[in-house]
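Novice: Let me begin by handing over the structure; questions about it come next.
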Amino acid sequence: MRSLLLVAPLLAAAAWGIVHLQSGEAAAAEPVHPSHRGEIESVALEGRGLDMPELRQVVASKAGAQLDDGTLARDREALRDALVRHGYLAATAGDTITYDGDGGAFVTFSIARGPLYHVRSISVTGATAEEAGVVTIASGDAVDADRLARARTALADRLASRGKRRDVTVEMRTDDHLATVDVILNAK
8 MRSLLLVAPL LAAAAWGIVH LQSGEAAAAE PVHPSHRGEI ESVALEGRGL
58 DMPELRQVVA SKAGAQLDDG TLARDREALR DALVRHGYLA ATAGDTITYD
108 GDGGAFVTFS IARGPLYHVR SISVTGATAE EAGVVTIASG DAVDADRLAR
158 ARTALADRLA SRGKRRDVTV EMRTDDHLAT VDVILNAK
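Take any residue in the sequence shown, note its place counting from 1, add 7, and you have its number in the working numbering.
And the structure:
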């Protein structure tokens, strides 16, 4: 009886013609209703502790659109990039596509944010300690792309106000084992 309960959902899925594919797999040739061939029926995001409204904004694949491998690849990259900007440097995003009997595609993006990386150290080269005082990032802060960009801009503006026109770049050296980053602001 127990094995029948486990097999019944699989038989029901097979009877409804549901096909489950991981990215990159090819589908077996099955009759598909021409009006639904490759049309996205729904897009879902899966993951824990995620800002779903923000992540939904970066996904270009939408219900009603045609399924496109290039768009899916860009969506995976955009999801990962959105998390990396907030300090989840080890974030990953993958997709799974499930088809119904009419060929309609149900896209699910599986997202793992990984650990939040923190600043282990911050250093400034090419500027005096007084000039570098505008950098407000400190050891222990979460790595955030917007804050790093603001620190870079603030240092460049401080140097420019003192007649020192220099390009300021941000270099990051990551320690994946400790989920930390050494940040170096280089004024050249």
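Built from N, CA and C at the ideal position, the CB exists for glycine as well. All values reported here derive from a predicted model rather than from experimental measurement.
1) In this structure, does DSSP put Gly133 in helix, strand or coil?
2) Evaluate Ala80 with the Cβ neighbour count: other Cβ atoms within 10 Å of its Cβ, from every protein chain shown; 16 or more gives buried, anything less gives exposed.
3) By Cβ distance below 7 Å, which residues in the same chain neighbour Asp88 in space, the five residues on each side in sequence not counted?
4) Sort Gly56, Ser130, Val50, Ser146 by Cα distance to Gln64 and report the nearest one.
5) From Gly111, Met59, Gly94, pick the residue whose C-alpha is nearest to that of Glu48; which is it?
6) Using only alpha-carbon positions, find the residue among Asp183, Asp182, Leu155 that is nearest to Leu192.
7) Look up Val177 in the DSSP assignment and say whether it is helix, strand or coil.
8) Can you have a look at Pro16 and say buried or exposed, based on whether 16 or more other CB atoms are within 10 angstroms of its CB?
9) Could you give the distance in angstroms between the alpha-carbon of Val177 and the alpha-carbon of Arg159?
10) For Arg92, collect the residues of the same chain with a Cβ closer than 8 Å to its Cβ; drop the 5 residues on either side in sequence, then sort them by chain order.
11) Does the stretch 71-79 touch the stretch 98-117, meaning 3 or more C-beta pairs lie closer than 8 Å?
12) The alpha helix (DSSP H) spanning Ser68 covers which residue range?
Specialist: Straight from the coordinates:
1) On the sequence shown, position 126 is the one that residue 133 refers to. Correct three-state label for Gly133: coil.
2) In the sequence shown, residue 80 corresponds to position 73, counting from 1. The residue is exposed, with fewer than 16 neighbouring Cβ atoms inside 10 Å.
3) Against the sequence shown, residue 88 aligns to sequence position 81. Here the set comprises nothing.
4) Here residue 64 refers to the residue found at position 57 of the sequence shown. Taking only the C-alpha atoms, the option nearest Gln64 is Val50.
5) Numbered from 1 along the sequence shown, position 41 holds the residue referred to as residue 48. Considering only Gly111, Met59, Gly94, the residue with the shortest C-alpha distance to Glu48 is Gly111.
6) Counted from its first residue, the sequence shown places residue 192 at position 185. Among Asp183, Asp182, Leu155, the Cα nearest to that of Leu192 is on Leu155.
7) Taking the first residue of the sequence shown as position 1, residue 177 is located at position 170. Of the three classes helix, strand and coil, the one that applies to Val177 here is strand, per DSSP.
8) The residue labelled residue 16 in the question sits at position 9 within the sequence shown. Note that Pro16 has pLDDT 36, beneath the 50 cutoff, so the model's placement of it is unreliable and the number below is only indicative. That one is exposed.
9) On the sequence shown, residue 177 is found 170 positions in, with the first residue counted as 1. On the sequence shown, residue 159 is found 152 positions in, with the first residue counted as 1. Approximately 7 Å, taken between the alpha carbons.
10) Sequence index remark: in the sequence shown, residue 92 carries index 85 (1-based). Taking C-beta separations shorter than 8 Å and ignoring five residues to either side along the sequence, the partners of Arg92 in its chain run Asp151, Ala152, Asp153, following chain order.
11) yes
12) Along the sequence shown, read from residue 1 onward, the residue named residue 68 stands at position 61. That residue, Ser68, is in no alpha helix (DSSP H); it is neither H nor E in DSSP.
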